[in-house]
Amino acid sequence: MPELPEVETTLRGVAPHLVGRKIVEITVRDRRLRWPVPDSVHDLTGLKIDSARRRGKYLIFTTRAASLIIHLGMSGSLRIVDPATAWQKHDHFAILLGSGKQLRLHDPRRFGCVVLAAEPDQHPLLAALGPEPLDDKAFNATHLFAASHGKSVAVKNFIMDSHVVVGVGNIYASESLFIAGIRPTRPAGKVTRTAFERLADAIRQVLGASIEAGGTTLRDFLNEKGEPGYFAQSLRVYDRAGQRCLRCGGTVKRIVLGQRSTYFCPKCQK
DNA sequence: AAAACTACCTGAGTGC
DNA sequence: TGCACTCAGGTAGTTT
Numbered sequence: 100m101p102e103l104p105e106v107e108t109t110l111r112g113v114a115p116h117l118v119g120r121k122i123v124e125i126t127v128r129d130r131r132l133r134w135p136v137p138d139s140v141h142d143l144t145g146l147k148i149d150s151a152r153r154r155g156k157y158l159i160f161t162t163r164a165a166s167l168i169i170h171l172g173m174s175g176s177l178r179i180v181d182p183a184t185a186w187q188k189h190d191h192f193a194i195l196l197g198s199g200k201q202l203r204l205h206d207p208r209r210f211g212c213v214v215l216a217a218e219p220d221q222h223p224l225l226a227a228l229g230p231e232p233l234d235d236k237a238f239n240a241t242h243l244f245a246a247s248h249g250k251s252v253a254v255k256n257f258i259m260d261s262h263v264v265v266g267v268g269n270i271y272a273s274e275s276l277f278i279a280g281i282r283p284t285r286p287a288g289k290v291t292r293t294a295f296e297r298l299a300d301a302i303r304q305v306l307g308a309s310i311e312a313g314g315t316t317l318r319d320f321l322n323e324k325g326e327p328g329y330f331a332q333s334l335r336v337y338d339r340a341g342q343r344c345l346r347c348g349g350t351v352k353r354i355v356l357g358q359r360s361t362y363f364c365p366k367c368q369k
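Take the first sequence: its letter number 240 is residue 339 in my numbering, and every next letter is one higher.
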């Protein structure tokens, strides 16, 4: 479910409730996430959360001893609730805070994970990640052009590869390529430098605008208060198969690329 | 080495 | 109502 804007929205929502607070109690209701939640998470009990940040789609909550790394997978969400709130069916993990509030991880499909790391940036899940798309020093046309050299993979799959750039998921990949006027199926190595300039700009633009809108709620994304994001109404091609292209009036097409639904306008994207 | 595919899991929606 | 089927915002691991 969550792509970078949804994870960033979640971070901004939960961070003020976490940073500077003590971890009073950790509850693991179902440890069966993507990998079993380690027993060592309980070692964090009694420690203060010094910082909360995001790397790609990973959330990192740091104490003096270790960091908790949380990924929301396809269906995960975090909420800040009163501890007396009834548990929901898929609330798997929770942190009771010194403030008296509780952070709860809800994840029906259990594709998310909770792991512990002394040095989160060196953790195998994070160590090989590409640049942050909102960092225009590290992420730009030069980077994309160099990384795409000799690659035959479709450019849509290329920008969804977290080793190339983090945070671009299935929705924003289609959206960015539409804005940049690039056909999703084009081999990455055949995309010109000029087109990559448009693409890098488009990715930043669409992710930034979505963060402003609180993310995209297509089916079930909710922020830390349980509210939806409003970027769905700004989507230009995603989930619009058969409808009119907002730029040229042509018809938006749906194809499957890398087993994922992909939307584009055959007339304006070459 | 790179590309393509598989697997993990639940729930919502559709058509019969 | 019920059943069978498809699809869903991610990504590590395996196979080709």
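We treat Cβ as the ideally placed atom computed from N, Cα and C, and that holds for glycine. Since we're looking at a predicted model, the values are computed, not measured.
Check: Does DSSP classify Pro-135 as helix, strand or coil?
Finding: Residue state, collapsed to three classes: strand.
Note to self: Is it buried or exposed, Asp-138, if we count other Cβ atoms within 10 angstroms and call 16 or more buried?
What the structure shows: Around the Cβ of Asp-138, a 10 Å sphere holds fewer than 16 other Cβ atoms; the residue is exposed.
Next item on the list: Indicate the three-state DSSP secondary structure (helix, strand or coil) for Gln-304 in the structure shown.
Entry: Note: Gln-304 maps to helix in three-state DSSP.
Item checked: As assigned by DSSP and simplified to three states, the class of Tyr-271 -> The answer is helix: DSSP assigns Tyr-271 an H, G or I state.
Next item on the list: Indicate whether Val-264 and Gly-229 have their beta-carbon atoms separated by less than 8 Å.
Entry: Taking 8 Å as the Cβ cut-off, Val-264 and Gly-229 qualify as a contacting pair.
Checklist line | Sequence-distant residues of the same chain with beta carbon closer than 8 Å to Asp-206, five excluded per side | finding: Spatial neighbours of Asp-206 in its own chain (CB-CB distance under 8 Å, excluding positions within 5 residues in sequence) are listed in chain order as Leu-132, Leu-171, Gly-172, Ser-174, Gly-175, Ser-176, His-189 and His-191.
Notebook entry, point to check: Given Gly-357, which residues of its chain have a CB within under 8 Å of its CB, disregarding the five upstream and five downstream residues?
Noted result: Cβ within range, chain order: Ala-253, Lys-255, Asn-256 and Met-259.
Margin query: Measuring only from the beta carbon, is Leu-276 closer than 7 Å to any heavy atom that is part of the ligand SAM?
Written below: This structure simply doesn't include the ligand SAM, nor any ligand for that matter.
Checklist line | Other residues of its chain near Gln-201: CB distance less than 6 Å, five sequence neighbours each side excluded | finding: So the qualifying residues of the chain are Val-180, Pro-182, Ala-193 and Leu-195.
Item checked: Sheet register partners of Ser-360 (DSSP bridge) -> Beta-bridge pairing links Ser-360 to Val-355.
Check: Given a threshold of 16 other Cβ atoms within 10 Å of its Cβ, counted over all protein chains shown, does Arg-178 qualify as buried or as exposed?
Finding: It is buried - the Cβ of Arg-178 has at least 16 other Cβ atoms within 10 Å.
Notebook entry, point to check: If you check the beta carbons only, do Pro-219 and Ser-275 fall under 8 Å apart?
Noted result: Going by C-beta atoms, Pro-219 is not nearer than 8 Å to Ser-275.
Margin query: Below 8 Å on the Cβ atoms is my contact criterion, and I expect Gly-280 with Cys-367 to pass it. Report the Cβ-Cβ distance as a whole number of Å.
Written below: Confirmed, about 6 Å.
Checklist line | Among Ala-164, Arg-208 and Phe-238, the one whose alpha carbon lies nearest that of Ile-122 | finding: Closest by alpha carbon: Ala-164.
Next item on the list: Examine the Cβ distances between the region 112 to 130 and the region 327 to 336 and report whether three or more of them are shorter than 8 Å.
Entry: Flag = no, the region 112 to 130 and the region 327 to 336 do not touch.
Item checked: Any 3 or more C-beta pairs closer than 8 Å across the region 294 to 302 and the region 311 to 324 -> As far as the Cβ criterion goes, the region 294 to 302 does not touch the region 311 to 324, which means the pair count is below three.
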